[in-house]
Amino acid sequence: MKESKYYLQCVKCEHITEDFGAWFEQNQVCPKCGSKHSEVWYNSDYNELPLIMKGNPESFWQYFYYLPLNRRENIITRNEGAISLQKWWFLEDFAKEKYGLNLDIYVYRNDLNGGTGTFKDVAAALAASVLKEYDINQYCVASTGNTATSYARYLSIAGINCSIFLPENALKSSEAMISAFGQNVYRVKGDYSKAKEIAAEYAKKYNILISSGNIDPLRVEAKKTMVFEWLRQIGKMPDVYIQAISGGTGPIALDKGVREIKKTFPEIKNPRMIMVQPDACDPMTQAWEKAEAKNFPKNYENDYPILDNPQTQVPTLATGNPATYPIVSRIIKKSGGTFIRMKEEKLVPIGRLVAYERKLLLGPASAVCLGGFFEALEKNLLKSDETIIINIGEGVRRAPEFVEQMIYTSKDISSVDECKPHQIDDYRQQLWNDVLK
Ligand SMILES: Cc1ncc(COP(=O)(O)O)c(C=O)c1O
Ligand SMILES: [Zn+2]
Numbered sequence: 004m005k006e007s008k009y010y011l012q013c014v015k016c017e018h019i020t021e022d023f024g025a026w027f028e029q030n031q032v033c034p035k036c037g038s039k040h041s042e043v044w045y046n047s048d049y050n051e052l053p054l055i056m057k058g059n060p061e062s063f064w065q066y067f068y069y070l071p072l073n074r075r076e077n078i079i080t081r082n083e084g085a086i087s088l089q090k091w092w093f094l095e096d097f098a099k100e101k102y103g104l105n106l107d108i109y110v111y112r113n114d115l116n117g118g119t120g121t122f123k124d125v126a127a128a129l130a131a132s133v134l135k136e137y138d139i140n141q142y143c144v145a146s147t148g149n150t151a152t153s154y155a156r157y158l159s160i161a162g163i164n165c166s167i168f169l170p171e172n173a174l175k176s177s178e179a180m181i182s183a184f185g186q187n188v189y190r191v192k193g194d195y196s197k198a199k200e201i202a203a204e205y206a207k208k209y210n211i212l213i214s215s216g217n218i219d220p221l222r223v224e225a226k227k228t229m230v231f232e233w234l235r236q237i238g239k240m241p242d243v244y245i246q247a248i249s250g251g252t253g254p255i256a257l258d259k260g261v262r263e264i265k266k267t268f269p270e271i272k273n274p275r276m277i278m279v280q281p282d283a284c285d286p287m288t289q290a291w292e293k294a295e296a297k298n299f300p301k302n303y304e305n306d307y308p309i310l311d312n313p314q315t316q317v318p319t320l321a322t323g324n325p326a327t328y329p330i331v332s333r334i335i336k337k338s339g340g341t342f343i344r345m346k347e348e349k350l351v352p353i354g355r356l357v358a359y360e361r362k363l364l365l366g367p368a369s370a371v372c373l374g375g376f377f378e379a380l381e382k383n384l385l386k387s388d389e390t391i392i393i394n395i396g397e398g399v400r401r402a403p404e405f406v407e408q409m410i411y412t413s414k415d416i417s418s419v420d421e422c423k424p425h426q427i428d429d430y431r432q433q434l435w436n437d438v439l440k
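For the sequence shown, my numbering begins at 4 and goes up steadily by one.
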């Protein structure tokens, strides 16, 4: 018999599940111990990875040998996951001038993903492809917005019905996209926790598969390819990784990717992960600060607050009940990283500054991440000669209302007498002042 390409292994009891067909049949839990947390491992040869990286990928499907899909004809793709790491010199110059630090700063441009322009496109592409491989035709997911729109698009392309549960505060533009593709949207009266609860009941009632959250092996396997991409593009792992965190698929996947290839690339290790939350929804940061103040007592991972209906301006990050904190906090601690917060009043100033310096419009969750970068400098978390990757999780499509707040040069006029030419440079100082004050 031909050796299978991959298998799933329970993180808790090591029970092996043959493939996603079996995983779906056993309702995405370990039949032996009931854990929902299994990881995928491959029989593929990792010595080929450096060669595969030398290609010029159009998408993360370049890493097909290390993804849990058996037949290439099932691939659903919109050119996601082969996005660039860009040097952002204006941030390097700033770190040098204000803090005397020589930093190598790369920005990971998830807004360039071809599906919906977010961090979530690789996961949705892999999920759609694997579901197609097993002829699954109904699926459901609860999401704060970006996973929702991405799954809606990719599953629609695969011809799979997907019911989507959004919290009350989700962005109208997310709802519109999902609906436009013909997928069902349920806007749940309540917060993200409530949306997850009803989605789970719906999955049970109709016996429909549900995306199982931040540890879903489909999401993790897709996102781990960022490790391959960084090695391909800059030849090493960064020293520091900065990301806005909601549930934590990012750090979970990063850690998995590193463990997966450690045997082949013994020198690679996790970067220090600096996780950023907006101050209006920061349960993980609160928990971390408490643990740190007490020097990480036994069981610190299970001591976290639950915020009901967090009133954040960044609905995509509105996870008030951080159920994955026990898993994520251990990864962050092991990496030497930390959780920090940024002030939401800085979102618009940061959005304007980036638009001005890079001629690029960001979404609010990306502004949270950049706010974290400025905080990290202020808190002395970065050291000279380090390489930093900042994850820009989403572009501008996400939040039209945020875009409207980028306006600051308009004047209402009624005659040419009120108009005169300007110098773009004259705006710079004020924009920086607004971010730094
Ligand atoms: C743009 C963006 N950045 C960051 C995150 C946080 O992702 P996670 O906490 O799952 O790693 C999300 C998730 O909702 C997002 O949409
Ligand atoms: Zn188990």
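Quick reminder that beta carbons are idealized off the backbone N, C-alpha and C, glycines included.
Would a C-beta distance cut-off of 8 Å place N77 and S132 closer than the cut-off?
Taking the sequence shown and counting its residues from 1, the one referred to as residue 77 is at position 74. Taking the sequence shown and counting its residues from 1, the one referred to as residue 132 is at position 129. Cβ distance < 8 Å, so N77 and S132 count as in contact.
With DSSP as the reference, label Q314 as helix, strand or coil.
One-based indexing of the sequence shown puts residue 314 at position 311. If DSSP states are grouped into helix, strand and coil, Q314 belongs with coil.
Through-space distance from T119 to K1, alpha-carbon basis
This structure leaves residue 1 out entirely; the chain is present only between 4 and 440.
Is the beta carbon of A145 sitting closer than 8 Å to the one on M180?
Position 142 of the sequence shown, counted from the first residue, corresponds to residue 145. Position 177 of the sequence shown, counted from the first residue, corresponds to residue 180. Not in contact: A145 and M180 (Cβ atoms no closer than 8 Å).
Selected residue, minimal CA-CA separation from K197, among L212, L169, A206 and S177:
The residue given as residue 197 occupies position 194 in the sequence shown. Taking only the C-alpha atoms, the option nearest K197 is L169.
Please look up how many angstroms separate the CB atoms of C33 and K57, rounded, as I've assumed it's under 8 Å.
Mapped onto the sequence shown, residue 33 falls at position 30. Mapped onto the sequence shown, residue 57 falls at position 54. The pair is not a contact, with the Cβ atoms about 38 Å apart (cut-off 8 Å).
For V279, the first and last residue of its enclosing beta strand (DSSP E)
Reading the sequence shown from its first residue, position 276 is the one you call residue 279. Start and end: R275 to P281.
Residue list, Cβ distance to ligand 1 heavy atoms smaller than 5 Å:
F122, N149, A247, I248, S249, G250, G251, T252, G253, T319, A368, G396 and E397
When we look at the beta-carbon of G340 and count the other beta-carbons within 10 Å, is it buried (16 or more) or exposed?
Counting from one through the sequence shown, the residue named residue 340 turns up at place 337. It counts as buried.
Proximity test, K15 beta-carbon vs ligand 2 heavy atom, cut-off 7 Å
Sequence index remark: in the sequence shown, residue 15 carries index 12 (1-based). K15 Cβ: within cutoff of ligand 2.
Compute the Euclidean distance between the alpha carbons of D306 and A290, then round it to the nearest angstrom.
Walking along the sequence shown from the start, residue 306 turns up at place 303. Walking along the sequence shown from the start, residue 290 turns up at place 287. Each residue's alpha carbon lies about 7 Å from the other.
Considering Cα atoms alone, identify which of H425, P53 and K349 is closest to G238.
In the sequence shown, residue 238 corresponds to position 235, counting from 1. Checked all of H425, P53 and K349; the closest Cα to G238 is P53.
Regarding C284 and ligand 2, is the C-beta to nearest heavy atom distance less than 7 Å?
The residue you call residue 284 lines up with position 281 of the sequence shown. Outside the cutoff, so no.
Return yes when at least one heavy atom of ligand 2 lies under 7 Å from the C-beta of S215, else no.
Position 212 of the sequence shown holds residue 215. It does not: the Cβ of S215 is nowhere closer than 7 Å to a heavy atom of ligand 2.
Just to confirm, does K35 get its C-beta within under 7 Å of one of the non-hydrogen atoms of ligand 2?
Mapped onto the sequence shown, residue 35 falls at position 32. Yes.
Helix, strand or coil at L439 [DSSP, three-state]
If you number the sequence shown from 1, residue 439 lands on position 436. Helix at L439.
Using only alpha-carbon positions, find the residue among C284, E270 and I213 that is nearest to A151.
By one-based count along the sequence shown, residue 151 stands at place 148. Ranking the options by Cα distance to A151, first place goes to I213.
Helix, strand or coil for N172? Go by DSSP, reduced to three states.
Here residue 172 refers to the residue found at position 169 of the sequence shown. DSSP places N172 in coil when its eight states are reduced to three.
Give every residue of the same chain whose Cβ lies closer than 7 Å to the Cβ of K226, excluding the five residues on either side of it in the sequence, and list them in chain order.
One-based indexing of the sequence shown puts residue 226 at position 223. Once the five neighbours on either side are set aside, the close Cβ partners of K226 are V125, A126, T252, G253 and A256.
Can you tell me the Cβ-Cβ gap for F376 and I395, rounded? I've got them flagged as a contact below 8 Å.
As a first step, residue 376 must be located in the sequence shown, where it is residue number 373. As a first step, residue 395 must be located in the sequence shown, where it is residue number 392. Incorrect: roughly 11 Å between the Cβ atoms, too far for contact.
Verify the contact flag: S38, CB atom, against every heavy atom of ligand 2, threshold strictly below 7 Å.
Along the sequence shown, read from residue 1 onward, the residue named residue 38 stands at position 35. Yes, Cβ of S38 sits closer than 7 Å to a heavy atom of ligand 2.
What is the C-beta distance between I218 and K39, in whole angstroms, given that I count them as a contact (C-beta under 8 Å)?
Position 215 of the sequence shown, counted from the start, is the residue given in the question as residue 218. Position 36 of the sequence shown, counted from the start, is the residue given in the question as residue 39. So it is a contact: roughly 7 Å between Cβ atoms.
Check whether the Cβ atoms of A321 and C284 sit closer than 8 Å, and answer yes or no.
Your numbering for residue 321 matches position 318 in the sequence shown. Your numbering for residue 284 matches position 281 in the sequence shown. Closer than 8 Å, so yes.
In chain order, each alpha helix (DSSP H) run of at least 4 residues that lies wholly inside the region 60-144
92-102 and 124-136
Determine, using beta-carbon pairs with one atom in the region 346-353 and one in the region 263-279, whether at least three such pairs fall under 8 Å.
no
On the premise that L115 lies in contact with A402, defined as a C-beta separation below 8 Å, what is that separation, rounded to the nearest angstrom?
Along the sequence shown, read from residue 1 onward, the residue named residue 402 stands at position 399. Along the sequence shown, read from residue 1 onward, the residue named residue 115 stands at position 112. With a Cβ gap of about 17 Å, A402 and L115 do not count as contacting.
Within its chain, find whatever has a CB closer than 7 Å to the CB of L380; leave out the 5 residues flanking it on each side and keep chain order.
Locating residue 380 in the sequence shown gives position 377, counting from the first residue. The answer, listed in chain order, is A98 and Y102.
Over what stretch of residues does the alpha helix (DSSP H) that includes L350 continue unbroken?
As a working note, residue 350 is residue 347 in the sequence shown. Where L350 is concerned, the enclosing alpha helix (DSSP H) stretches over L350 to R361.
Within the continuous beta strand (DSSP E) that includes A161, where are the two ends?
Position 158 of the sequence shown holds residue 161. Here A161 belongs to no beta strand (DSSP E), and DSSP marks it neither H nor E.
Measure the CB-CB distance between L364 and V406 and report whether it falls below 8 Å.
Numbered from 1 along the sequence shown, position 361 holds the residue referred to as residue 364. Numbered from 1 along the sequence shown, position 403 holds the residue referred to as residue 406. Yes, the Cβ-Cβ distance between L364 and V406 is below 8 Å.
Cβ atoms of R344 and D437: under 8 Å apart, would you say?
One-based indexing of the sequence shown puts residue 437 at position 434. One-based indexing of the sequence shown puts residue 344 at position 341. Contact: no.
Reduced DSSP secondary structure (H/G/I, E/B, other) of T412
If you number the sequence shown from 1, residue 412 lands on position 409. Coil.
Look at Q236 and L104 and say whether their C-beta atoms are less than 8 Å apart.
If you number the sequence shown from 1, residue 236 lands on position 233. If you number the sequence shown from 1, residue 104 lands on position 101. Going by C-beta atoms, Q236 is not nearer than 8 Å to L104.
A247: first and last residue of the uninterrupted beta strand (DSSP E) it sits in:
Indexing the sequence shown from 1 puts residue 247 at position 244. Run containing A247: V243 to A247, per the beta strand (DSSP E) assignment.
For F342, does the three-state DSSP call read helix, strand or coil?
Position 339 of the sequence shown holds residue 342. Three-state DSSP puts F342 in a strand.
Taking the alpha carbon of K135 as the point to measure from, which residue in K90, G37, F23 and A206 has its own alpha carbon closest?
One-based indexing of the sequence shown puts residue 135 at position 132. Checked all of K90, G37, F23 and A206; the closest Cα to K135 is F23.
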